[in-house]
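To start, the structure itself, in structure tokens.
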Amino acid sequence: MKRIVFAALIAAFSLLTAQADDVMKKNADGTYVVNTTTLAKEVKGYMGATPLEIHIQKNKVVKIVPLKNQETPKYFARIKKLLLNQWEGLKVSKAADAKIDGVTGATFSSDAVKENVKRGLQYYKQHK
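Remember, the working numbering sits 1042 above the position in the sequence shown when you count from 1.
As structure tokens, this is what we get:
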């Protein structure tokens, strides 16, 4: 019985560690990459979740990369072009509080992306 409990505890710890590693990684060049897939899984755009990877180097946002989602490609292309680059070059503290306008015609998706960025930057600040 003790072996089963011990094995279950080890499995649970391994799962928690794996999930934490899935959220933020540090690359060899010092860039942190925050994945919002699990941080904002309940945040929905027009057609569902809008997970992102936020790349941070020297405490500045380098780029934001959208991950696979179910948003309408035509509208999400506008978000990629007009919205995601607005955080680039900002210090994390300013980026987290930045008032970024959404993309007209893609309001739900824009709001979801902004919330993903907010949560990703908060996670970075708390866990760096």
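The C-beta atom is built at its ideal place from N, Cα and C for all residues, glycine as well.
If you compare the alpha carbons of Gly-1131, Trp-1129, Met-1089, Arg-1161 with that of Lys-1116, the shortest gap goes to Met-1089. Spatial neighbours of Lys-1105 in its own chain (CB-CB distance under 7 Å, excluding positions within 5 residues in sequence) are listed in chain order as His-1097, Glu-1130. Within the DSSP bridge table, the entry for Glu-1095 names Asn-1077, Val-1107 as partners.
The C-beta of Glu-1113 has 16 or more other C-beta atoms within 10 Å across all chains shown, which makes the residue buried. Boundaries for Lys-1083: no alpha helix (DSSP H) harbours it, and the DSSP string shows neither H nor E there. Contact annotation: Thr-1080 and Val-1103 have beta-carbon atoms that are not nearer than 8 Å. Rounded to the nearest angstrom, the gap between the Cα atoms of Phe-1150 and Lys-1110 is 17 Å. With a contact defined as Cβ atoms closer than 8 Å, Thr-1078 and Pro-1093 qualify at about 5 Å. Judged by DSSP in its simplified three-state form, Lys-1141 adopts coil rather than helix or strand. Here Leu-1125 is near Val-1145, since their CB atoms are less than 8 Å apart. Membership of Lys-1068 in the beta strand (DSSP E) is indicated by the continuous run 1066–1068. The beta carbon of Ala-1091 lies closer than 7 Å to those of Lys-1083, Val-1085, Asn-1111 in the same chain, with the five residues before and after it left out. If you compare the alpha carbons of Ser-1135, Pro-1108, Asn-1127 with that of Lys-1100, the shortest gap goes to Ser-1135.
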